[in-house]
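Beneath this line is the structure, given in C-alpha cells, with notes to follow.
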C-alpha cells in the first residue's frame, strides 16, 4: 500500500462525489459560490481527518455491536467543534453555510470512511485517507461551484470575469441549476471513464 | 388554536420549501431509492414517520435539557450539545422503531425494514430537527412541520420514482444513464416547484 | 444482561469524553462568539446612523416596537437620531433591516440584517457592486423623509427596484415605511 496512492485515490479514482455519489446534499446546497464551496470543503476535511484519526486510534477498543453509535458520537463531537470555531472566527462563512454546518454529521462520506477505512487501518493511513478524501470532496465542490458562479453570476471567487454586457444565467445559482450542473458534471465524468476503458 | 397558521406551515413544508427540491435535504435516498415506485413509497412513509417522531422528541429534549431559557438546570447553557444529542436521539429512535415494527408487524417490517437503518444518515431528519429549533417552533408546530416535511419528501420521491420507471424504457445516451439523468430530471422538477415559491400565505 | 450493561458503560464513557471536550471548546469560544455578535450589532448601528459619540440607548415602544436613540454628545443630552428595525415579508423569506433616521426625520442609512430571498434575484437587495463599498439598493433611501413617497419606479415612486424582484424591493420599502410611521408615533414630537 503506497501512501501516495492512498492520498490521491480520492481525487479521481474514488472521488466521493463524482464516482461514489456520496455527500450530495452539501454538494448541491453550498455550491452557489466558490467561497462557500471551499469553506464547506475545509470544514469537511478537518472533520474527516480528525474523526478518521480518533476512530483508527480507538478501533481496537470499540465493541463491534455498538461501533456505529460510537462513530457517530465521535463525528458529531468534531462537527460541533468545527461549528463553534467557525462561529467564533469565521462568522460570515457560518452565516452563509447555515444549516449545512451541523448537517456535516450526516454527510455519508464521513461515516462511510470511518466504517470502510479508519476502523480497519492504522492511524497514519487513516489520516492520509481522511485528508485525501476530504480534498477530493473539496475539489468536486470547487468544480461545481466554479461552473455555477461563472455562468450564473459572471464572477469567479467574487471577481467579475465576464463583461457587464453578459447577462448571467440566473437559473444556475438557483436550486434547479444545482441539480442541472451536477447532472451534467456526473455525465461528463461517466463519459471520461468510458473513454478510458475503451482505450485500454 | 389558529388553524390557518398550521395550514401555512403544512403548505410551506410540502410545496414552497420542499425539503428535497429547494432545501437540498435527503438527496442521497432521493437518488438512491427512487428506481422503483414500491420502494419509494415504503421509504417515503418510513421517513415521514421518523421525521414526525424525531421532531417531537428533539423538541422535548432541546426545550427541557439544552435551552438555557427553559431547561430544568436553571439556565445552564447546554446548547453546544445540540448536534450530538439530536443525532443520538435520532439513531436510537430509528433502532427502536425498527425493533417495535419487527416485533409487532412482520408485514410492515418486510416493507420498511431495509430502509430504516438508512434513515439515521438521512440529513432531512436531522435537518428538520435543527430547523424546528432555528424557527423557534412550539411543540405542536414542530410536530406538524416534521410531518409535512416528510410528506413533501415522500411526494418528491414518489414523483421521481414514477418518472424513472418510465425512463427505463427510454433510449438515453450512455454516459447520462443512471444518476446523471436522475439529476437532470430533479432539476426540471425543482423548476416546477419553484413556481410555488411566489405563493403568499398570510 | 451483563453484555448490555458493558456496552452501555462503554457508550457512556465515549459520550462523557465527547461532552467534556465540547464543553471545553464551548467555554473557549463563547466569549469570541458573543464579541462577534456585539461587534456586528454596533457596526451596523454605526453604519446606519454614524457620528453618534454618545452611543445608542435601546428602548421599546408600545406593542414591543424596538428602537434606539442615538446621542451626539457623551453626556447623552443631545439626541442625534433614531434607529429602528424594519421587517417585511419578501418573496421567500422575512426581510429584516436596520434603519437609521436623523433628528429631522431623514433616513441616514439602511442595512439589511437578514434575508433569504432568491439568490441572484431578491437577494440582490444586499448586492455590492464591484469596486463599491455599500449596496446600491439600500443607498437610494439616504436622505428620504417620511413626507417623500417611498415607492418603486413601477408604482410611481423614485426607488429603482431590482430587475425581476419587485416583490422583494417592495417588501423592503413597505417595511421601512411602516416602521417610520410607527417610530414617528412614538417619538413624534422630536421628529
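Residue numbers (the numbering used here), protein chains in the order written: chain A, 1 to 200; chain B, 1001 to 1202; chain C, 2001 to 2191.
Backbone N, C-alpha and C define an ideal beta-carbon position, used for all residues, glycine too.
Predicted, not measured: the structure shown is a model, and the values here were computed from it.
The count of Cβ pairs closer than 8 angstroms, one atom from the region 1078-1093 of chain B and one from the region 1169-1181 of chain B, stays below three, leaving the stretches out of contact. Of the candidates A:86, A:181, A:138, the residue whose Cα lies closest to the Cα of residue 98 (chain A) is A:86. For residue 72 (chain A), the chain B residues whose Cβ falls inside 8 angstroms of its Cβ are 1087, 1088, 1091, 1120, in order along the chain. The Cβ atoms of residue 176 (chain A) and residue 1197 (chain B) do not sit closer than 8 angstroms to each other. Rounded to whole angstroms, residue 1016 (chain B) and residue 126 (chain A) show a C-alpha spacing of 42 angstroms. Shortest Cα-Cα distance from residue 156 (chain A) to any of A:112, A:189, A:35 involves A:35.
The closest CA to that of residue 1070 (chain B), considering only B:1098, B:1136, B:1140, B:1151, is found on B:1136. Residue 1074 (chain B) has no beta-bridge partner at all, per DSSP. The Cβ neighbour count for residue 2009 (chain C), taken over all protein chains shown within 10 Å, is under 16; the residue is labelled exposed.
Distance from residue 110 (chain A) to residue 47 (chain A) at the Cβ level is roughly 6 angstroms; contact confirmed, criterion being Cβ atoms closer than 8 angstroms. The CB of residue 82 (chain A) never comes closer than 9 angstroms to any CB in chain B; the least such distance is about 10 angstroms.
Within the same chain, 28 come within 8 angstroms of residue 179 (chain A) by CB-CB distance, once the 5 residues on both sides are set aside. Below 8 angstroms, enough C-beta pairs join the region 1082-1092 of chain B and the region 64-74 of chain A to call them touching: three or more.
About 20 angstroms separates the beta carbon of residue 1093 (chain B) from that of residue 1033 (chain B), a gap too long to meet the 8 angstroms contact definition. Residues of chain C whose Cβ lies closer than 9 angstroms to the Cβ of residue 1037 (chain B) do not exist; the shortest such Cβ separation is about 31 angstroms.
The beta-carbon of residue 66 (chain A) is placed less than 8 angstroms from the nearest beta-carbon of chain C. According to the DSSP assignment, residue 2057 (chain C) belongs to the beta strand (DSSP E) that extends over 2056-2060. The secondary-structure analysis by DSSP pairs residue 2070 (chain C) across a beta bridge with C:2056, C:2081.
If you draw a 10 Å sphere on the C-beta of residue 1100 (chain B), you find fewer than 16 other C-beta atoms in it, and that means exposed. Here residue 2103 (chain C) carries a coil assignment [DSSP, helix/strand/coil]. Under the 8 angstroms Cβ criterion, the region 1024-1044 of chain B counts as touching the region 1153-1170 of chain B, having at least three qualifying pairs. A distance of 8 angstroms or more separates the beta carbons of residue 2107 (chain C) and residue 2097 (chain C). For residue 88 (chain A), the uninterrupted alpha helix (DSSP H) run begins and ends at 67-89, by DSSP. Comparing C-alpha distances from residue 2120 (chain C) to each of A:188, A:173, A:135 shows the shortest one belongs to A:173. CA-CA distance, residue 140 (chain A) to residue 43 (chain A), rounds to 14 angstroms. Taking C-beta separations shorter than 7 angstroms and ignoring five residues to either side along the sequence, the partners of residue 2166 (chain C) in its chain run 2152, 2154, following chain order. It is roughly 7 angstroms from the alpha-carbon of residue 2158 (chain C) to the alpha-carbon of residue 2150 (chain C).
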